[in-house]
Amino acid sequence: MQLPNYKEAKVRNKKYKRVEYNLDDNYIGKYSGKTYFLKTYGCQMNEHDSENIKAMLESIGFSEQEDYTKADLVLLNTCSIRENAHNKAFGMLGRLKHLKGQKKDLIIGLCGCMAQEVGVVEEILKKYKFVNFVFGTHNLYRLPLIIDKALTENKQEIEVFSKEGDLIENIPVRRENNYKAYVNIIYGCDKFCTYCIVPFTRGGERSRKKEDILKEIKELVQDGYKEVTLLGQNVNAYGKDLYEEYGLGELLEDVSKTKIARIRFTTSHPWDFTDKMIDVISKYSNIMPSIHLPLQSGSSRILKLMGRRYTKESYLELFDKMKEKIPDVSISTDIIVGFPQESEEDFKETLDVVNHCKYDNAFTFIYSPRENTPAAKLKDNIEYRIKEERLQKLNNLVNYYFLENNKKLENQTVEVLVEGKSIKKENQYYGYTKTNKLVNFTGENIKEGDLVSVTITDAKTWSLDGKLSK
Ligand code: SAH
Ligand code: SF4
Ligand code: F3S
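In our numbering, the protein residues as written are 6 to 475.
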């Protein structure tokens with residue numbers, strides 16, 4: 006048994022090795038005939054980890070079962086970011102306990118960010134003894150060995166490393182989409198925003214070597230992929246731990262040269278978004294003019310309490326520079342309301358920034374205190390009812406601008422990457438614009454993965470309607 010520990014999780018040392026994934030032949034196909042159900046919570050990073058998990062499970066013989074009540078193994082890949090992500094996973098564990106009452110052989114596993122939380126693992130040890138195994142984000146690659154140990158020794162196996170350890174290359178992957186792919190470029194986060202648990206659940210920043218990233222993307226191009234999303238908790242920190250003068254700007258330039266049709270990246274921290282990056286995004290047509298730039302709060306006082314390392318003014322300066330230099334750029338954001346001590350005045354400043362930036366998309370949240378984070382120790386003097394009112398007000402405002410921005414696209418022709426066909430209507434397809442807007446459109450002789458021109462006929466708050474242009 007190996008349990009997580011926050012003291013160790015907080016330490017940052019920049020020493021790690023690049024190691025190739027390697028699984029002993031004895032494990033291959035060992036569990037053939039058995040089925041699994043995998044449930045993923047949280048961000049794109051977790052979705053991509055789940056693509057690795059599926060491939061590893063399949064390599065040891067499991068096959069996918071979409072109904073969890075029929076599967077031999079149910080695995081939850083969890084998220085810690087807010088209380089409700091927690092509640093969902095614990096709710097599912099409750100249902101699984103019931104199911105295990107009827108199906109004694111059911112195997113239950115939990116992995117992902119919640120496994121890195123000291124309190125969660127303690128609770129599992131105490132109250133969820135029916136969970137067969139738990140592993141964390143740092144030992145994902147050991148999944149086949151952990152499952153095998155839990156099953157052959159027939160006792161609860163908990164293996165959570167507090168520190169990140171080596172960077173493992175070439176973990177098998179079973180991608181969910183044939184045209185769009187996630188590619189990790191940097192793991193971990195060293196920013197330690199005061200409200201955020203990610204630096205504890207995902208460890209220190211570690212960049213993949215540029216050669217490994219470019220090789221993966223070249224292979225995706227050969228396999229017919231049209232879009233890659235470069236992933237990291239803070240992609241702007243790419244390369245800092247590896248190279249003197251090679252960062253995200255340079256990487257984007259090299260990825261652009263692979264000729265993949267569309268390149269996206271997420272998430273960018275406003276603090277270290279360089280001019281080089283802005284230049285590169287505006288220069289190369291296959292780098293999408295779509296940037297996720299989390300604001301969190303429009304009040305410099307609250308930003309300071311959040312440890313965000315920028316002010317309202319410096320954020321707006323960066324925002325305006327992007328709008329000026331990158332033609333037709335769309336900018337989306339994340340905003341937290343009800344951070345401890347957020348006054349009505351602070352909240353109004355957030356609304357002011359929204360009124361200035363008129364975001365194309367925004368994810369809005371009520372602050373949720375997280376175990377072991379500095380903000381959880383701040384005195385929270387705002388009633389929950391007020392927080393809910395602020396969220397409602399903010400949502401009304403951001404929605405107003407989504408629609409206003411979408412309206413500007415009416416009668417315009419945009420490029421869409423086709424993702425699928427409507428099951429309800431004949432000749433109805435959907436896909437995304439370069440600026441990451443969902444378009445539902447009519448047309449004929451279209452395939453998934455096509456890049457087509459669509460004329461927008463009607464704008465809605467969260468999507469656009471259109472028809473294939475001739
Ligand atoms: N690395 C990304 C954030 C990933 S988490 C970045 O820095 O932009 C996604 C979003 O969840 C954050 O941007 C933030 O808005 C929200 N979030 C993180 N911790 C939170 C908390 N404790 N309570 C509420 N929202 C939170
Ligand atoms: Fe969390 Fe901040 Fe890191 Fe984003 S940059 S993952 S919000 S600590
Ligand atoms: Fe959640 Fe972990 Fe992602 S906490 S948001 S799954 S990095």
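We treat Cβ as the ideally placed atom computed from N, Cα and C, and that holds for glycine.
For the 9 Å CB-CB criterion, residue 65 and residue 152 form a contact. In this structure, residue 91 has its CB at a distance of at least 8 Å from all heavy atoms of the ligand SF4. Within the stretch 290-365, the complete beta strand (DSSP E) runs of at least 3 residues fall at 295-297 and 335-342. In the structure shown, residue 173 adopts extended strand secondary structure according to DSSP, grouped into three states.
Contact check for residue 17 against residue 209 passes: the beta carbons are separated by less than 9 Å. Restricted to the stretch 147-194, the alpha helix (DSSP H) segments that are unbroken, complete and at least 4 residues in length are 148-158, listed in chain order.
Counting only residues whose CB is nearer than 6 Å to a non-hydrogen atom of the ligand SF4, the list in chain order is 194, 196, 197, 198, 201, 203, 204, 238, 239 and 274.
Burial is judged here by how many other beta carbons sit within 10 angstroms of a residue's own beta carbon; residue 337 has at least 16 and is buried.
Within the model, the alpha-carbon separation for residue 117 versus residue 157 is close to 23 Å.
The Cβ atoms of residue 303 and residue 383 do not sit closer than 9 Å to each other.
In the structure shown, the three-state DSSP call for residue 76 is coil. Excluding sequence positions up to five before and after residue 403, its CB lies within less than 7 Å of the CB of 359, 364, 367 and 369, all in the same chain and listed in chain order. Taken through DSSP and simplified to helix, strand or coil, residue 141 comes out as coil. The stretch 222-237 and the stretch 253-268 touch, with no fewer than 3 CB-CB distances between them shorter than 8 Å.
In terms of Cβ geometry, residue 139 and residue 165 form a close pair [threshold 9 Å].
Sixteen is the threshold: since fewer than 16 other Cβ atoms of the shown chains lie within 10 Å of the Cβ of residue 408, the residue is exposed. Three or more Cβ pairs closer than 8 Å define a contact, and the stretch 130-138 falls short of that threshold against the stretch 48-63.
In the DSSP assignment, the residues bridged to residue 458 are 420.
When secondary structure is reduced to three states using DSSP, residue 260 falls in the helix class.
Residue ranges of uninterrupted alpha helix (DSSP H) with 4 or more members, entirely inside the stretch 109-135 and ordered along the chain, are 123-132. Under DSSP, residue 269 forms a beta bridge with 234. Apart from the 5 residues on each side of it in sequence, residue 438 sits with its Cβ closer than 7 Å to the Cβ of 419, 420, 421 and 444 in its chain, given in chain order. Annotation: residue 16 is outside any beta strand (DSSP E) and is labelled neither H nor E by DSSP. Short of 6 Å from the beta carbon of residue 168, and not among the five residues preceding or following it, lie these beta carbons of its own chain, in chain order: 13. By a beta-carbon distance limit of 8 Å, residue 240 contacts residue 271. Their separation comes to about 7 Å. Beta-carbon to beta-carbon, residue 188 and residue 257 are separated by about 12 Å, too far to satisfy the 8 Å threshold.
Under the Cβ criterion (8 Å, minimum of three pairs), the stretch 277-289 counts as touching the stretch 247-257.
Between residue 328 and residue 287, the gap from beta carbon to beta carbon reaches 9 Å or more. Shown here for residue 32: same chain residues with a beta carbon closer than 7 Å to its own, the five before and five after excluded, namely 65, 149 and 153 in chain order. Assignment of residue 62 by DSSP, reduced to helix, strand and coil, places it in the helix class. If you check the C-beta of residue 84 against the ligand F3S, you find a heavy atom less than 8 Å away.
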